[in-house]
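Everything on this sheet refers to the single structure shown next.
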Amino acid sequence: MKPLTAVRCALATVAATGLVLAGATPTRAQIPASWNTFSVELTFNRYEIRPDGKLAGFKAPVVTYRFERSAAPWGWRTVFSLVAAERQRVQSVKGPDKEIDALSVVRLEDDGDGTPIRVTTRDGRRPVSRLPVSAVKDGLDNILRLNPGVSSSLFARTKAKPLQSASDRDWVDSIVASPGRSASRRAALIRRYGGSTGKHQGFDRYESVQGPQRIEVLADPQSSVVVAVNTFRDDLAVDRTTLVYTQAQGALVRKGIRSEHRVSAETRAVTEVEFSKVTFEQRENR
Amino acid sequence: MSRVHTIGLASLFMIVTTAAVARAQDRPVAFIHGLNSTGETWQGAAEALQQQLAIQAHRPNPSWADTFQDQAAQVQHEIGGLPSSTIAVGHSNGGLVSRQWSRTHYLDGLVTLGTPNSGAPLVDNIFHFTRFSFQVYDRILEIFDAFSECSGFLECAEQWWWVLQANDLDEWLAAVANFILNHPWEINNTLGFMNVFPVLPQMAAQSNFIQNLNSTAGGEQTGTRVGMVSIARNWNDAGWWRVIRPESADTVAFAVDFAALLLDVWSSYIYATADPGDNRALSIASRMSTASGLMIALDSVYCRAVSSPGMGQACFANDTVVTDQSQRLPNAMEVVMSNGPVHIRETKESNEYLYQVLANVMSIPPRSAGGGSSGSMQPNSAIVGCSSWYWLDPVYTSDAASCFSYCQQYGADACEWTAEHAGASRPGDCYVEYGDGCTVAGGYSGWSAAVLNLGGPPAGGNSHGDGEVHSDSAVRGCIGWWWWDPVYQPTAEACAGFCQQNNADACEWYVSGDCYVEFGSSCYVEPGYSGWSAMVLP
Numbered sequence: 024m025k026p027l028t029a030v031r032c033a034l035a036t037v038a039a040t041g042l043v044l045a046g047a048t049p050t051r052a053q054i055p056a057s058w059n060t061f062s063v064e065l066t067f068n069r070y071e072i073r074p075d076g077k078l079a080g081f082k083a084p085v086v087t088y089r090f091e092r093s094a095a096p097w098g099w100r101t102v103f104s105l106v107a108a109e110r111q112r113v114q115s116v117k118g119p120d121k122e123i124d125a126l127s128v129v130r131l132e133d134d135g136d137g138t139p140i141r142v143t144t145r146d147g148r149r150p151v152s153r154l155p156v157s158a159v160k161d162g163l164d165n166i167l168r169l170n171p172g173v174s175s176s177l178f179a180r181t182k183a184k185p186l187q188s189a190s191d192r193d194w195v196d197s198i199v200a201s202p203g204r205s206a207s208r209r210a211a212l213i214r215r216y217g218g219s220t221g222k223h224q225g226f227d228r229y230e231s232v233q234g235p236q237r238i239e240v241l242a243d244p245q246s247s248v249v250v251a252v253n254t255f256r257d258d259l260a261v262d263r264t265t266l267v268y269t270q271a272q273g274a275l276v277r278k279g280i281r282s283e284h285r286v287s288a289e290t291r292a293v294t295e296v297e298f299s300k301v302t303f304e305q306r307e308n309r
Numbered sequence: 031m032s033r034v035h036t037i038g039l040a041s042l043f044m045i046v047t048t049a050a051v052a053r054a055q056d057r058p059v060a061f062i063h064g065l066n067s068t069g070e071t072w073q074g075a076a077e078a079l080q081q082q083l084a085i086q087a088h089r090p091n092p093s094w095a096d097t098f099q100d101q102a103a104q105v106q107h108e109i110g111g112l113p114s115s116t117i118a119v120g121h122s123n124g125g126l127v128s129r130q131w132s133r134t135h136y137l138d139g140l141v142t143l144g145t146p147n148s149g150a151p152l153v154d155n156i157f158h159f160t161r162f163s164f165q166v167y168d169r170i171l172e173i174f175d176a177f178s179e180c181s182g183f184l185e186c187a188e189q190w191w192w193v194l195q196a197n198d199l200d201e202w203l204a205a206v207a208n209f210i211l212n213h214p215w216e217i218n219n220t221l222g223f224m225n226v227f228p229v230l231p232q233m234a235a236q237s238n239f240i241q242n243l244n245s246t247a248g249g250e251q252t253g254t255r256v257g258m259v260s261i262a263r264n265w266n267d268a269g270w271w272r273v274i275r276p277e278s279a280d281t282v283a284f285a286v287d288f289a290a291l292l293l294d295v296w297s298s299y300i301y302a303t304a305d306p307g308d309n310r311a312l313s314i315a316s317r318m319s320t321a322s323g324l325m326i327a328l329d330s331v332y333c334r335a336v337s338s339p340g341m342g343q344a345c346f347a348n349d350t351v352v353t354d355q356s357q358r359l360p361n362a363m364e365v366v367m368s369n370g371p372v373h374i375r376e377t378k379e380s381n382e383y384l385y386q387v388l389a390n391v392m393s394i395p396p397r398s399a400g401g402g403s404s405g406s407m408q409p410n411s412a413i414v415g416c417s418s419w420y421w422l423d424p425v426y427t428s429d430a431a432s433c434f435s436y437c438q439q440y441g442a443d444a445c446e447w448t449a450e451h452a453g454a455s456r457p458g459d460c461y462v463e464y465g466d467g468c469t470v471a472g473g474y475s476g477w478s479a480a481v482l483n484l485g486g487p488p489a490g491g492n493s494h495g496d497g498e499v500h501s502d503s504a505v506r507g508c509i510g511w512w513w514w515d516p517v518y519q520p521t522a523e524a525c526a527g528f529c530q531q532n533n534a535d536a537c538e539w540y541v542s543g544d545c546y547v548e549f550g551s552s553c554y555v556e557p558g559y560s561g562w563s564a565m566v567l568p
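Read top to bottom, the protein sequences are chains D and B.
Per this note's numbering, residue 24 is the first one in the first sequence, and the count goes up by one each step.
Per this note's numbering, residue 31 is the first one in the second sequence, and the count goes up by one each step.
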């Protein structure tokens with residue numbers, strides 16, 4: 024299949040904003056007829072910029088995780104593990120410079136059946152992950168006391184993670200957009216935002232006003248893959264997200280997301296997420 | 031100051047006043063305190079060392095906010111009559127005062143401990159770190175805002191609201207936000223950085239005073255010089271918290287890292303599975319990811335604040351306040367305490383090293399026999415021959431002398447400390463032991479031991495509990511509350527026993543097996559906390 028002009032345009036747009044795309048292009052992205060394990064590596068690059076686009080000073084260590092979901096009889100099991108993290112260079116009177124890890128927690132396993140998650144630290148320990156109840160209580164009390172805008176209902180235990188059947192695999196379309204699902208993607212956009220309001224830079228433009236916010240979505244006209252989501256409040260851009268895809272074996276595979284949101288008049292927080300090593304496998308004996 | 035230290039020092043003081051009166055021929059040693067403290071900060075160490083070595087301890091009280099020149103003049107006024115054989119031991123700023131004093135009063139020995147000999151960038155950078163902390167707090171609040179907004183839309187609420195509560199993310203975030211919010215001010219208050227003039231500008235890296243002190247050859251009139259450098263244990267894990275609350279720093283470090291990981295887990299989940307056209311899902315993921323990035327960076331930002339003038343990029347190993355590089359004393363012998371105490375504990379937890387420096391470098395003889403073998407830890411020795419022998423689970427102490435103080439506070443009959451891995455024991459393990467007929471035997475490399483025969487733990491603190499375990503309850507209302515990192519105990523009762531054994535003021539246990547040994551006054555038990563059990567000891 025020929026590359027989509029619109030997607031190339033989206034790539035160019037994102038590249039112009041500074042997204043650094045590195046790492047392997049997904050090579051096994053084709054969704055096989057039979058699979059029970061999905062995995063992807065996500066690399067987070069986070070920093071803040073000034074209105075002129077220049078770095079505002081803060082930049083977090085770059086971190087790469089592996090995100091894996093595997094089908095189990097009761098639903099989806101999730102394993103999230105640290106692949107690499109930018110290390111901190113430390114100087115000392117005790118010998119040569121060395122580098123130390125930024126994160127002490129390196130793996131989280133969630134069986135997805137309501138049992139407690141398991142956490143592993145970089146030294147191989149499996150700590151019991153609770154804080155003293157008073158630390159939690161004091162934290163919640165102070166958040167609510169100091170921030171009247173935050174509702175206590177946020178902290179009420181009302182919502183559990185919905186159980187997701189192992190046969191429900193529509194979520195994969197978010198990462199690997201297959202050509203056969205263009206119509207359903209378009210239908211979803213129309214359901215959420217109404218019909219297309221026109222074109223912008225060759226993309227279909229959808230728009231919706233929700234209270235004080237105006238949301239603008241740009242999608243590729245052929246595949247209906249979303250390439251940009253912008254949110255305005257009082258005509259001020261508060262959120263701007265661009266999505267980048269690459270082609271692999273007939274599908275459009277998510278390559279990156281760049282989210283930018285306004286944290287003050289002078290500063291925008293940027294998160295770039297690069298997706299790589301998208302893999303579907305049929306694993307046995309699980 | 032923790033209850034533990036208060037009791038420990040009281041015990042030491044009793045021993046000193048009865049057993050170690052300085053004599054006229056003893057070597058004068060002036061222990062000089064640092065910022066936001068008085069001569070009292072040296073009391074425990076000075077008296078313990080005076081008990082062990084032939085020294086005559088002096089603890090002058092210069093006004094710590096005055097210029098170093100004025101403080102040195104005050105020291106001269108207070109103890110200027112001491113002979114030229116005097117040794118000065120200065121902690122933190124006290125080291126700089128000592129150096130300045132040596133310009134007018136010859137000192138036969140000079141020891142600096144945790145002293146910012148090349149200045150302390152934290153003095154200037156603490157405000158940058160404070161700003162950064164507020165940034166982290168604000169980004170966490172933005173997560174709550176995003177979920178608040180989400181909750182107003184049925185589809186979003188149905189689809190994503192659970193994320194905030196997945197693995198108790200909301201509680202971790204609230205606790206971490208609370209840790210972060212007030213802490214910079216507490217650092218300022220504890221270290222004495224608030225409105226402290228005129229000394230504070232003199233402490234800054236590359237201040238005129240520091241430059242002059244380090245560049246004027248022959249200005250200081252000293253004999254033997256020793257720079258004691260502490261690299262604090264786990265200095266880079268929540269160093270910003272460890273600086274004033276080292277007891278709970280490992281817990282807080284884990285809390286921040288775990289909360290950051292949870293944010294990345296669930297933002298990844300949203301990015302990987304949400305409909306790309308779902309603007310609210312993207313907004314939630316973006317805010318979670320942003321906050322996580324800042325939380326992950328907290329430790330390195332604090333290290334840069336401690337290390338780099340003008341918040342540069344450099345990060346040096348440190349004692350949570352002063353880098354190891356800056357603790358170096360020019361033209362001096364260097365003693366490095368790896369896994370050493372944090373800055374505010376250096377006067378309390380460096381006795382073993384100070385003993386070695388005074389005895390072996392300054393050639394001060396030990397006091398002649400008379401106190402028996404129970405007065406201090408014997409190197410390369412172990413406890414043998416106890417009947418009815420039992421011991422508490424080991425706790426970490428930075429040196430044998432600190433272990434000795436710890437054993438005293440628990441009324442131990444015997445005490446052991448190891449500097450090396452030995453079986454299940456790890457370097458720094460301190461054992462409080464009870465039994466009859468214990469003796470010290472030599473020939474155990476890496477171990478230090480002492481017989482105390484104190485006869486059992488002292489009575490409890492000033493809490494007012496009933497000593498009963500209450501289910502579905504938590505400990506509340508503690509003043510000066512702090513806790514140890516949790517250990518696993520299978521039941522609430524087992525946890526209660528562990529807390530009693532460790533002379534806690536209060537105790538909490540969660541059904542997952544976490545057992546918290548807690549200290550503080552005025553604690554009480556409050557019902558209504560599902561899964562938790564709590565006890566306040568009488």
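Where is the CB? At the ideal position from N, CA and C, for every residue including glycine.
Asked, Found
"In DSSP terms, what Asn68 (chain D) is bridged to", "D:Glu295"
"Distance between Gly370 (chain B) and Glu376 (chain B) (C-alpha atoms, nearest Å)", "8 angstroms"
"Sub-8 angstroms separation of Ser115 (chain B) and Thr145 (chain B) beta-carbons", "no"
"Counted within 10 angstroms of its Cβ, other Cβ atoms place Pro119 (chain D) as buried (16 or more) or exposed", "exposed"
"Per-residue contacts from Pro150 (chain D) into chain B (C-beta, under 7 angstroms)", "Phe284"
"First through last residue of the alpha helix (DSSP H) which encompasses Asn253 (chain D)", "No alpha helix (DSSP H) holds Asn253 (chain D); the beta strand (DSSP E) holding it covers 249 to 256."
"Interface residues of the region 71 to 86 of chain D facing chain B [CB-CB below 9 angstroms]", "Glu71, Gly80, Phe81, Lys82, Ala83, Pro84, Val86"
"Three-state class that DSSP yields for Ser178 (chain D) in the structure shown", "The sequence shown places Phe at residue 178 (chain D), rather than the Ser named in the question. In this structure, Phe178 (chain D) counts as helix in the three-state DSSP scheme."
"Residues in the region 262 to 273 of chain D having any Cβ partner in chain B nearer than 7 angstroms", "Asp262, Thr264, Leu266"
"Under 7 angstroms from the C-beta of Val240 (chain D): neighbouring residues of chain B", "Gly307"
"Buried or exposed by the 16-neighbour rule on C-beta atoms within 10 Å, applied to Tyr70 (chain D)", "buried"
"Identified DSSP bridge partners for Leu241 (chain D)", "D:Arg228, D:Ala251"
"CA-to-CA distance, Met341 (chain B) to Val259 (chain B), given in whole angstroms", "23 angstroms"
"Proximity of Thr281 (chain B) and Asp515 (chain B) at Cβ, strictly below 8 angstroms", "yes"
"Partner residues on chain D for Ala204 (chain B), Cβ-Cβ distance less than 7 angstroms", "Val159, Gly162, Leu163, Ile166"
"Nearest residue (CA-CA) to Ala471 (chain B), options B:Ala412, B:Asp429, B:Cys416", "B:Ala412"
"Counted within 10 angstroms of its Cβ, other Cβ atoms place Asn68 (chain D) as buried (16 or more) or exposed", "buried"
"Leu422 (chain B) and Gln531 (chain B) closer than 8 angstroms at C-beta", "yes"
"Contact check, Thr138 (chain D) vs Ala107 (chain D), beta carbons under 8 angstroms", "no"
"Contact the region 125 to 144 of chain D vs the region 100 to 117 of chain D: 3+ CB pairs below 8 angstroms", "yes"
"Within chain D, the residues that Trp270 (chain B) reaches when beta carbons sit closer than 7 angstroms", "Within chain D, no residue comes near Trp270 (chain B); the closest Cβ sits about 14 angstroms away, beyond 7 angstroms."
"Whole-angstrom distance between Gly279 (chain D) and Leu44 (chain D), CA atom to CA atom", "Low per-residue confidence applies at Leu44 (chain D): pLDDT is 30, beneath 50, and the placement is therefore not dependable, though the value from the model is reported in the following sentence. Looking at the two C-alpha atoms, the distance is approximately 8 angstroms."
"Close-in-space but distant-in-sequence residues of the same chain around Thr144 (chain D) (CB under 8 angstroms, 5 per side omitted)", "Ser127, Val128, Val129, Pro150"
"Counterpart residues of Thr60 (chain D) in DSSP-defined beta bridges", "D:Ser93, D:Glu304"
"Cβ-Cβ separation, Pro92 (chain B) to Thr160 (chain B) (assumed contact under 8 angstroms), whole Å", "Contact doesn't hold; Cβ gap of about 28 angstroms is too wide."
"The beta strand (DSSP E) enclosing Glu132 (chain D), as first and last residue numbers", "128 to 133"
"Contacts of Glu538 (chain B) in chain D (Cβ-Cβ under 7 angstroms)", "Pro155, Val156"
"Ser418 (chain B) versus Cys445 (chain B): straight-line alpha-carbon distance, rounded", "15 angstroms"
"Residue environment, Asp502 (chain B), which counts as buried when at least 16 other CB atoms sit within 10 Å", "exposed"
"Candidates B:Ile117, B:Pro457, B:Trp296, B:Ala103: closest to Ser393 (chain B) by CA position", "B:Ile117"
"Alpha carbon of Cys508 (chain B) to alpha carbon of Ser552 (chain B), nearest angstrom", "5 angstroms"
"Continuous beta strand (DSSP E) assignments of at least 3 residues falling wholly in the region 108 to 191 of chain B", "117 to 121, 137 to 143"
"Closer than 8 angstroms to chain B by CB, Leu126 (chain D)", "yes"
"Contact with chain D by Glu382 (chain B), beta-carbon distance below 8 angstroms", "no"
"Arg145 (chain D) - DSSP class collapsed to helix/strand/coil", "coil"
"Whole-angstrom distance between Leu484 (chain B) and Ala327 (chain B), CA atom to CA atom", "47 angstroms"
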